[in-house]
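Heads up: the structure comes next, in structure tokens.
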Amino acid sequence: MAVIKYYGAIAEATKCSEEQLTVSDLKISDCLALLNEKYNLKTFDVSVALNQNLVDIDSTIKLSDNDEIALLPPFAGG
Amino acid sequence: MERYNRQIQLPQVGATGQQKLKDAKILVVGAGGLGCAILPYLTASGIEHIGIIDGDTIEETNLQRQILYTETSITQQKVVVAKQQLKALNSNVNIEIYNYYLSGENALELFRNYDIIIDATDSIQTRYLINDACIITNKPFVYGSIYRFEGQVSVFNYKNGPTYRCLFKNDKAKVSNCETAGVLGTTVGLIGMLQANEVIKMILETGDVLSGQLLVYNTLNNSQNCINFKKSETKSIDEAFFNSEYKTHKIEAVCVNEAISQNVICIDVRELHETPKLELSNGLQIPLSILESKIKNLNKNENYAVYCQSGKRSLEAIKLLKNHQFQNVKNIEGGVISMQQKINNEKSIY
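Quick mapping for you: the protein sequence lines, in order, are chains A and B.
Residues 33 to 110 (this note's numbering) make up the first sequence, in order.
Residues 22 to 371 (this note's numbering) make up the second sequence, in order.
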């Protein structure tokens, strides 16, 4: 199973900082749709990293079980 | 030079490095939590040209994390007190203070006088302004930001490297800090220190600078993650873009009494769940997140005054309305927080 990591306010919405999910053969956008359905994340502006590298949300790369996907919202505080 | 002896001993610094620090010119945007962490260390290190820009005054709630200020500094200008404290720490340092907020009107001219720009602000909109001004003036930009127990640090536009826009593309992102999320002093301290450390490495030209990398630090579990990102700007950031984005939106402010008493419709752009609710006879609520889709229901020739919780999202809403040719839109400065104070004061008078 792939590891999904959550940061900032997104981790508060999902109530965990990471979890394991079956996402094999899904695209990034499919994975996001799945998570939106589960946690209603639509209100967040988010950048996505695949295995520690930022990826385009519209990327056609297919995810696999060994992947680590990170959801990063911009932070504002200071 | 004796005072810098401990760092000059480092092979990565030496007399040459100390001279580089002495000659460097840095600008810190924001003298809040991050600024108060960054400034003392950079001042102590012997950087002799430091600029600080912030239009804010010191409040009691700042003291828990803004450690340059003391109880006697409350109500004073942040940059004025910061300068006093820093001069006491290192009198060799020339500290230039700008007692106003960074804007499209002053950013380019100001940035041209410095080598490195440090973002110690608490606003995403200001971050895009800093980013774009850094691109135009060709300056590196040291970024730090916080959400509760997590911090992000990166260096943008370093030697033509990736920028904030390569990391977060949506410059119309919903502003999430209008309501205060809360923060510990130690968290801003740690993130500010990581920023200061990047500044020193850049000046000394030593170590690896966080260019093309976002460091995410979690102070609750001490985890650190680094995300790599590449240059991928889709917009061309030039002076024409800068002027249209940051200069042509002169937004008029209106005070609460004026907005309520005049023939003006007050629009609350907060989300529906946000409190306190204000019962205004001439008010309506359209959250910023759906404002664009509701614009067709509004009359472009009507007079509007826009408010949110603290006055930040309302500025965004006004920008949006002005982009749709609304002419008579004003901002209620300070938002509901200041409106409530006003209403309470009036109640106590009668």
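Ideal Cβ positions, reconstructed from N, Cα and C, are used throughout, including at glycine.
Compare the C-beta of residue i with all C-beta atoms of chain B and state if any pair is closer than 9 Å.
| i | result |
| --- | --- |
| A:Lys174 | The structure shown does not extend to residue 174 of chain A, since chain A is modelled only from 33 to 110, so the question has no answer here. |
| A:Asp99 | no |
| A:Asn72 | no |
| A:Leu53 | no |
| A:Asn68 | no |
| A:Thr75 | yes |
| A:Leu86 | yes |
| A:Leu104 | yes |
According to DSSP, what are the bridge partners of residue i?
| i | result |
| --- | --- |
| B:Asp289 | B:Gln306 and B:Tyr328 |
| B:Leu312 | Answer by DSSP bridge pairing: none, since B:Leu312 is not bridged. |
| A:Gly109 | B:Ile167 |
| B:Val101 | DSSP lists no partner for B:Val101. |
| A:Val35 | A:Gln52 and A:Glu100 |
| B:Glu81 | Answer by DSSP bridge pairing: none, since B:Glu81 is not bridged. |
| B:Glu399 | Within the shown structure, residues of chain B are numbered from 22 to 371, placing residue 399 of chain B beyond reach of any answer. |
| B:Glu273 | B:Lys351 |
| A:Ala81 | A:Leu86 and A:Ala102 |
| B:Tyr238 | B:Gly172 and B:Gln245 |
| B:Ser232 | B:Val176 |
| A:Asp62 | Answer is none; A:Asp62 lacks a bridge partner. |
Let me see if you follow: with CB-CB separation under 9 Å, is residue i close to chain A or not?
| i | result |
| --- | --- |
| B:Asp75 | no |
| B:Glu171 | yes |
| B:Arg291 | no |
| B:Phe162 | no |
| B:Ser166 | yes |
| B:Gly304 | no |
| B:Asp229 | no |
| B:Ile68 | no |
Between the Cα of residue i and those of the options, spot the shortest distance and give me the residue it belongs to.
| i | options | result |
| --- | --- | --- |
| A:Gly109 | A:Ala34, A:Ala41 and A:Lys74 | A:Ala41 |
| B:Ile125 | B:Ser335, B:Leu150, B:Glu323 and B:Lys104 | Per the sequence shown, the amino acid found at residue 125 of chain B is Gly instead of Ile. Cα-wise, what sits closest to B:Gly125 is B:Leu150. |
| B:Asp44 | B:Met223, B:Ala274 and B:Thr142 | B:Met223 |
| B:Arg169 | B:Val230, B:Gly54 and B:Val34 | B:Gly54 |
| A:Glu50 | A:Ile36, A:Ser56 and A:Ser61 | A:Ile36 |
| A:Leu66 | A:Phe107, A:Thr75 and A:Thr54 | A:Thr54 |
| B:Ile74 | B:Leu123, B:Ile288 and B:Cys247 | B:Leu123 |
| B:Gly304 | B:Arg186, B:Ile311 and B:Ala280 | B:Ala280 |
| B:Ile272 | B:Lys351, B:Ser166, B:Ile307 and B:Ser94 | B:Lys351 |
Could you tell me the alpha carbon to alpha carbon distance between residue i and residue j, rounded to whole angstroms?
| i | j | result |
| --- | --- | --- |
| A:Ala81 | A:Leu104 | 8 Å |
| B:Arg86 | B:Lys99 | 13 Å |
| B:Asp136 | B:Tyr119 | 17 Å |
| A:Ser91 | B:Gln234 | 20 Å |
| B:Asn239 | B:Gly172 | 7 Å |
| B:His70 | B:Thr64 | 9 Å |
| B:Gln28 | B:Leu211 | 21 Å |
| A:Ala34 | A:Lys59 | 13 Å |
| B:Asn181 | B:Ala141 | 21 Å |
| B:Gln216 | B:Glu300 | 44 Å |
Compute every distance between the C-beta of residue i and the non-hydrogen atoms of the ligand SAH, then say whether any falls below 8 Å.
| i | result |
| --- | --- |
| B:Val275 | Questions concerning the ligand SAH fall outside what the structure shown contains, since it holds no ligand whatsoever. |
What are the uninterrupted segments assigned as beta strand (DSSP E) that are 3 or more residues long and contained completely in the region 142-186 of chain B, given in chain order? The qualifying runs are 162-168 and 171-177.
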